[in-house]
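First up is the structure itself, then whatever we jot down about it.
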Amino acid sequence: MIQPVIKWSGSKRTQSEKIKSLFPESFETYFEPFIGGGAMLYAINPPKSICGDICIPLIRLWREIRDNPTNLAEAYRVRWNKLQQEGYVAYYEIRNSFNRDKSPYDLMFLSRTCVNGLIRFNEKGEFNNSFHHSRQGINPDRLAKIINDWSLRVKNTEFMAKDYMITTESAKSGDVVYLDPPYFHTKGRYFGTIDFDRFLGYLEDLNYRGVKYLLSFDGKRGNENLTVKLPRELYKRHLLIPSGNSTFKKVIDKKNEKVLESLYLNY
Ligand SMILES: C[S@@+](CC[C@H](N)C(=O)[O-])C[C@H]1O[C@@H](n2cnc3c(N)ncnc32)[C@H](O)[C@@H]1O
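Read in the working numbering, the sequence shown has 202 at position 201, and its numbers run on one by one without any break.
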């Protein structure tokens, strides 16, 4: 399975190969306007892509991975060494530094040393997850390899810190858009929230423009049915994809539940 460079809640890591097998055989530009940790982008490995997210620090980190992999890996090493020497105090110093300056280098370090690797911000945009006391953080040599690997993958990707509609504005017939919006029922859990009606209007517009889309949308978890109905005229196929276990559920209840996720395709 893909080694994530940015750990992100709601990652499509466990489903990426299955979803990839459902992609059109050929297409021009790949768009992913809810990029998060970018699991699908990695799996698809398109020659040309435009990706975005509303979360500005996340996009700044993606740009560093693409443009400055060596500096990013080195910055992690420096911070990691400080942590080994000074303990958790170093973590909180670096967290304060991130909340002041929003450096992607600090964010990379925090994401690899915070509780369960969950990047989490409060309403003020401050990183608020705590230090993971029982772990030391990934070894800098290992992380450097992962960063380099991803850097090569995203060399031709344009990253936009924008709303999904703007990121995909230039999509046209022959292009493909993979959509993984925050779940409508988990309002507030991810960065940003999505207005359902606006999103439906957007799907209608993609259909009108002849843009192919794949949409990961709702889910069934254990006995809970979390399905949000998508109007029938907006898509051609609806599939249920096993997604392994939900990280959120695991963290919250310490028990595993089988999760199925919906995938809608308009072709
Ligand atoms: C479910 S996550 C995507 C996870 C991703 N597929 C992965 O594998 O890691 C949803 C993403 O949508 C972003 N988001 C929320 N509202 C948005 C908006 N209006 N425009 C663009 N991105 C948005 C969130 O910041 C979050 O990264």
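Just so you know, even glycine gets a beta-carbon here, dropped at the ideal spot from N, CA and C.
Quick check on DSSP: helix, strand or coil for Arg238?
Look at Arg238 here: in three-state DSSP terms it is strand.
Distance, Gly118 Cα to Asn149 Cα:
Each residue's Cα considered, the two are about 20 Å apart.
Counting only C-beta atoms, is Lys230 closer than 9 Å to chain B at any point?
No chain B appears in the structure shown, which is made up of a single protein chain.
Any heavy atom of ligand 1 closer than 8 Å to the Cβ of Leu23?
No, the beta carbon of Leu23 sits no closer than 8 Å to any heavy atom of ligand 1.
Residue range of the unbroken alpha helix (DSSP H) whose run includes Gly211
First-last for Gly211: undefined, no H or E at that position.
Give the single residue among Thr168, Ile167 and Tyr93 whose Cα lies nearest to the Cα of His133.
Closest by alpha carbon: Tyr93.
Anyone know if the C-beta pair for Lys13 and Thr30 falls short of 9 Å?
Cβ distance not < 9 Å, so Lys13 and Thr30 don't count as in contact.
For Ile3, is the classification buried or exposed, using 16 other Cβ atoms within 10 angstroms of its Cβ as the cut-off for buried?
Under a 10 Å Cβ-count criterion, Ile3 is classified as buried, with 16 or more other Cβ atoms of the shown protein chains found around its own Cβ.
Identity of the residue in Arg199, Glu205, Phe128 and Tyr77 nearest Cys56 by Cα
When each option's Cα is compared against that of Cys56, the closest is Phe128.
What residue from Ser27, Thr71, Ala145 and Asp176 has the CA that sits closest to Cys52's CA?
Checked all of Ser27, Thr71, Ala145 and Asp176; the closest Cα to Cys52 is Asp176.
Quick check: does the Cβ of Cys52 come within less than 8 Å of any heavy atom belonging to ligand 1?
Result no, Cβ not under 8 Å from ligand 1.
Should Leu59 be listed as close to ligand 1, given that the test is whether its C-beta is under 8 Å from any heavy atom?
Yes, the Cβ of Leu59 comes within 8 Å of a heavy atom of ligand 1.
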